[in-house]
Amino acid sequence: RVPRIGSRSKNNSVVHDDFGRASVVLSDTPTHTKVFEQFSENRQVSLLGIRSSLSFYLSSILSLCTPSRTKSGSDTCRSLLHKYIPSTKWIPKYSRHHFRNDALAGFTVGVMLIPQSMAYALLAGLAPIYGMYSASFTLIVFALFSSSPHLSVGPVATTAILIGASADGFYDPEDPDPDTIARYTNVTITLGLLTGLIQLLMGIFKLGFVTKFLSRPVMSGFTTGAACIIAVNQAKSLLGLEFPRARTFYNTLILVLENLRSMHGLTVAISVISLLILMSVKKNPLKKYVPKWFPTPLLLIIVGILIGWGADLKSSGVAIVGDVPSGLGRFLVPETDLLLDLLPDAIVLAMVSYMGSIALAQTFAAKDRIMIDPNQELIAFGLACIFGAFNQSQTVSGSFSRSAMNYEMGCKTQASGFFTAFLMIISLLLFTQVFVYLPKAVLAAMILVSVRNLLDYPEVVHLFKVKRMDLIQFWVCVLSTLFVGIKEGIIIGMACSLLFSIYRTVNPHVYYQGRLPGTTTYVDLERFPEAVSVPGIVILRFESELFFGNGRVLSNRILEVVRSQSEHKTDMDFDDTSVGILDVIIIDGCSISDIDSSAQRDLAEALEEANAAGLNVLFASFPGRTRDVLDRAEMRKLIGFRAFFVSVHDAVIFAQSIEPELSSGSLSSQPTEKISKLHVEFWAGKWPP
C-alpha cells in the first residue's frame, strides 16, 4: 500500500522532486530496474526535474554499495565462515546434551575403528599401525570441515584395496627389505596427498557432479569384484599359506588352490573360530541377544592377543602382527617425485571414495531431515587426506558400518569424530605394544566378514527385473575388475556406463500418438490399442533433448512421413484406414528440453521438404527455452506464426479447421482467424506466466 504524500511507513520512505511529486522508495536496496522506471517517469519534466532524477539515480547507485556493505559485511563474513567451516556454526551452540550423545557415539565407533583400521591397513599392504595413524588426527580435521554429523571416516575396504593395487605397481609390499617397505609406504602416503588435493580442488570448483559418471550399477559391480579379490587375498593369512604375491585375481586363486595341501592347521583353527564368533553375533541365534554396540571385534582381538602371548603362537608357526611402534605418527613430508605417475590412480581413488561417502552422508541426513553440502564434503575429505599425508596416514573414506553405529548411538554433531579420534590417540600412546602378539588370522577373519556386505547380489536381482542394460554394465565392471585389474575395472565400468548413456541419448524414443476416445489425451498408439489416429494428421512425439547426435532421428521420421505421403503409400506405422490423405504433421515437443544449432538446421531441412510436399507442420507443447532457440533461428518464417500451440489438442483442433484447398504450403501464407487468445499469448511469451 502506497503511503500518503509526506508520510513515512516502517519499511518505506518518500522522496519529493522539485515539482512536489512524491515517489515511494523502499528502504531495501533499490534495483536498477526501479531506478530506470523512476527516471522514465520524470523524463518529460523541466531541467530541474531531470537534475533531480539524475541525483536520485546516483544516490541509488551509491545505496547499492555503501549501505549494504556496512550493514551486511559481518553477516556475509559469518555466512561464508559457516559455509566453508561448518564447525563455526555448531560449536558455539554446543550443549551438555550434545556432549553426552556425541561422547557415547564417538567412543563406541572408536572401539569398532581400532581393529578395523589395523585390518584395512594390512589390506592396503601396510603395517597395522598406519591404519591407526589414519584414524587419529584426520578425523578431527574432517569433523571441523564436514557438514555431515553422522558420517564416520577412516580406512575402509574399497579404498584400501585401491591403495594396495596402486602402490603395488611400484614396490612389492611383501618384500622383507626395509628400504622397499619404506618406499612402498611412502607411495601410499603420496597417493593420499594427491587424492586429497584432487578432492579439495573438486570441492572448491564445485566439481562433485563428475561422480555422476559412476553409476550405481558400476559402483555395485566394482564393490562386488573388489570383495571377491579381497576374499581371495585373505586366504593366505586365513589358511597360513606361503606363496609369492600375485597381482591378479585369477593368479592368486590359482596359487591358493595349488598350495591348499600346505595349510597350517593351527592358523586354520584360529581363523575358523574367529569367523564363527564374528558371524554368530550378526546372525541368529546370538544376534537378538547381543546389542549392536557390543565390541565383539575388539574383544576378539584382546582374546587373540592373550592367546598369542600365553601360547607363544609365533613359535608354533602362526603369523603375528609383530613389532608395532608406539606414539603418534611423526610429521613427514611426502615425496613429490611420483605425483604425475600416481595421478590416474589418485583420480579414481578420489571419485570412488567420495561417491560412496556422499551416498552414506545423504542417506543418514535424510533420516534426520537435514541438509548437507556435497561440495563441502569434498573439501572436508580433501583437507583430511592432505593433513593425514603429513602424519603418515592413508586415504580415508566414509564407512557404512561405523556411520550406521554413529547414527544409532544418537550422535548429534560432528564432535563425535573428536571422541573417536581421542580414543585412537590414547591407544596409539599407551596400547600399541600389546598388538605385537595378535595373530594375523584374526585380522583376516575380520576383513572377510566385513567385505561380505560388499557382495551386492540383491542388486543383480533388482537390475534383472528392472533394466537388463544396467545389468550388463554391472557384469562388465565385475569381470573387468576380476580379470583386468581393480583400477582398470572401475575405468572400464565408467566407460561402459558413458557409452550406454550416449547410446540412449542418440537413439531416443520416437513414436506416433493417437487420441483416447472421449478425452483430449494423446498417447502412444502401440502402448494403447484403444487409441485412434486423427484423420489426416500424424502426431509425432520425440522423447529427448535435440542435439547434433540425435537431430537426424526426428528429421528422418518427418521425412519418412513426408515421402510416404508424396508416394501415396498406405503401409505406414499408424492406422491407415483412419488417416487417408495427410494434411498436417504435429510434433509433440514437451520432452524436447533444448535444441542446438545442428539439430535446428536438420529440423529446418525436414520442414522445407514437408512444405514442398504440401504438408503443414505444427509444433505443440514446446518448452520456452526450445522456442527461444527456434525464434532466434527465425523458424517462424518457415513454418508460420500460427504453428506453435500450447497443447497437442489445440494443434489438432487448428489443423482440423484448415480448409483442404488451402492446405498446401506453409501456414505463414494462409490467413485464418481461428487463433485463440491463449495461443497468441503462448507464442508471444506471455504464457505460462
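Here this note's numbering is used: the first residue of the sequence shown is 35, the next is one more, and so on. Even glycine gets a Cβ: it sits at the ideal position worked out from N, Cα and C. Because the structure is a prediction, the values reported are computed rather than measured.
6 Å CB neighbourhood of Met405 in its chain, flanking five on each side removed = none
message = To the nearest angstrom, how far is the alpha carbon of Gly144 from that of Val252?
response = 31 Å
Between the CA atoms of Leu147 and Asp371 - distance to the nearest angstrom = Pairing Asp371 with Leu147, the inter-Cα distance amounts to about 32 Å.
task = Note down the Cα distance separating Gly674 from Leu641, rounded to an integer number of angstroms.
result = 11 Å
ask   = DSSP on Ser598, reduced to helix/strand/coil?
value = helix
task = Leaving out five residues on either side along the sequence, give the residues of the same chain with a beta carbon under 6 Å from the beta carbon of Val382.
result = Lys521 and Ile524
Cβ separation of Thr229 and Ala418, assumed to be a contact under 8 Å, to the nearest whole Å = Going by Cβ atoms, the distance from Thr229 to Ala418 rounds to 10 Å, so no, they are not a contact pair.
message = I need the straight-line Cα distance from Ser305 to Leu272, nearest angstrom please.
response = 6 Å
inquiry  = Taking the alpha carbon of Leu173 as the reference point, which residue from Ala161, Ile392 and Gly432 has its own alpha carbon closest?
reply    = Gly432
ask   = What do you reckon, are the CB atoms on Ala633 and Leu672 nearer than 8 Å?
value = Cβ atoms of Ala633 and Leu672: not closer than 8 Å.
inquiry  = Any heavy atom of the ligand FAD closer than 7 Å to the beta-carbon of Phe283?
reply    = Of ligands this structure carries none, so the ligand FAD is not represented either.
Phe247 versus Ala191: straight-line alpha-carbon distance, rounded = C-alpha separation (whole angstroms): 22 Å.
inquiry  = Check whether the segment 211 to 226 and the segment 469 to 483 touch, using three or more Cβ-Cβ pairs below 8 Å as the test.
reply    = Two segments are said to touch when three or more pairs of C-beta atoms, one from each, lie closer than 8 Å; by this definition the segment 211 to 226 does not touch the segment 469 to 483.
ask   = To the nearest angstrom, how far is it from the Cα of Ile420 to the Cα of Val663?
value = If I take the Cα positions, the gap works out to 46 Å.
task = Determine the contact status of Ile620 and Ala667, defining contact as a CB-CB distance below 8 Å.
result = Cβ distance not < 8 Å, so Ile620 and Ala667 don't count as in contact.
query = Exposed or buried, which one is Ile460 when buried takes at least 16 other CB atoms within 10 Å?
reply = exposed
message = For the pair the segment 443 to 460 and the segment 163 to 177, tell me if three or more CB-CB distances fall below 8 Å.
response = Cβ pair count under 8 Å is three or more, so yes.
ask   = When you compare only the Cα positions, how much space is there between Ser556 and Ala565?
value = The sequence given here has Tyr at residue 556, not Ser. Their backbone Cα atoms lie some 8 Å apart in a straight line.
request  = Inspect the beta-carbon positions of Val12 and Ser655 and report whether they are closer than 8 Å.
outcome  = Summary: the structure shown does not reach residue 12, with the chain confined to residues 35 through 723, and so no result is reported for it.
message = Based on DSSP bridge pairs, tell me the residues matched to Gly432.
response = Val187
key: Asp636 in three-state terms, based on DSSP   = Annotated three-state conformation of Asp636 is helix, per DSSP.
query = In chain order, what residues of the same chain lie with their CB nearer than 6 Å to the CB of Leu289, ignoring the 5 residues before and after it?
reply = Phe277 and Ala280
key: Gly299 in three-state terms, based on DSSP   = helix
inquiry  = Measuring alpha carbon to alpha carbon, tell me which residue in Phe456, Cys530 and Gly390 is nearest Phe141.
reply    = Phe456
key: Gly548 in three-state terms, based on DSSP   = Of the three classes helix, strand and coil, the one that applies to Gly548 here is strand, per DSSP.
query = Between the segment 525 to 540 and the segment 503 to 514, do three or more beta carbon pairs fall short of 8 Å?
reply = yes
query = Quick one: complete alpha helix (DSSP H) runs, 4+ long, within the segment 143 to 194?
reply = Every alpha helix (DSSP H) stretch that sits fully inside the segment 143 to 194 and reaches 4 residues is listed by chain position as 162 to 168 and 171 to 179.
Beta-carbon proximity check, Leu588 vs Phe576, cutoff 8 Å = Remark: C-beta atoms of Leu588 and Phe576 approach each other more closely than 8 Å.
ask   = Buried or exposed: which applies to Phe469, given that a residue is buried once 16 or more other Cβ atoms fall within 10 Å of its Cβ?
value = buried
Nonlocal neighbours in the same chain, by C-beta distance under 7 Å from Thr286, ignoring five residues either side = Val266, Asn267 and Ala280
ask   = Leaving out five residues before and five after Ile413 in sequence, what residues of the same chain have Cβ atoms less than 8 Å from its Cβ?
value = Tyr118, Phe179, Gln233, Leu234, Gly237 and Ile238, listed in sequence order.
key: Whole-number beta carbon distance between Gly416 and Leu231, since they are thought to touch under 8 Å   = 7 Å
key: Residues bridged to Val572 (per DSSP)   = Ile619.
ask   = Can you pull the DSSP bridge partners for Val468?
value = The partner list for Val468 (beta bridge, DSSP) is empty, contrary to what the question assumes.
request  = Specify, as a first and last residue, the run of the alpha helix (DSSP H) that Tyr218 falls within.
outcome  = Counting along the chain, Tyr218 sits inside the alpha helix (DSSP H) bounded by residues Pro212 to Ile238.
query = Between Tyr164 and Gln467, which are expected to be in contact by the criterion C-beta below 8 Å, what is the C-beta distance as a whole number of angstroms?
reply = The pair is not a contact, with the Cβ atoms about 16 Å apart (cut-off 8 Å).
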